[in-house]
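Notes follow the structure.
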Amino acid sequence: MAALIRRIISTTKAPAAIGPYSQAVLVDRTLYISGQLGMCPNSGELVAGGVQAQTRQALVNMGEILKAAECGFENVVKATVFLADMNDFTNVNTVYKEFFKSNYPSRAAFQVAALPKGGLVEIEAIAVLGPLTNAS
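Read in this note's numbering, the sequence shown has 63 at position 59, and its numbers run on one by one without any break.
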């Protein structure tokens, strides 16, 4: 069996990893994106403005990682949303729909005990590179 190639995807346009992990890992055509917090890439601090501002920044960060892998939000097939408070579910969805406009990826959302840096939301994703054709 031929070996698959694993490539680390990294960009300075998204926050650097705050632990021993990569921003994303590409194996064959599958891209695994680590959880993104609503952190400013320059300061490494969470953005002000609450859960919607943090959601928007987390997805902007994810978008930069997707670009570094030469794809976009339309390539995302699975997302996982981690919330500090499940009552923020609707507010997160409002922002999420600005980035995922159609053919939504599958998704799970969980309330967790705590997120790194005291974040309110963290979003991870799996994408498939290359053109995707939607079947009816």
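Quick reminder that beta carbons are idealized off the backbone N, C-alpha and C, glycines included.
Proximity of the stretch 81–95 to the stretch 10–30 falls short of the contact definition, fewer than three beta-carbon pairs being nearer than 8 Å. Look at G39 here: in three-state DSSP terms it is strand. Burial state of A6 is exposed, judged by a 10 Å Cβ sphere holding fewer than 16 other Cβ atoms. With a contact defined as Cβ atoms closer than 8 Å, L30 and A73 qualify at about 6 Å.
Rounded to the nearest angstrom, the gap between the Cα atoms of E126 and R33 is 24 Å. Spatial neighbours of Q58 in its own chain (CB-CB distance under 8 Å, excluding positions within 5 residues in sequence) are listed in chain order as L41, G42, L50, V51, G123, L124, V125.
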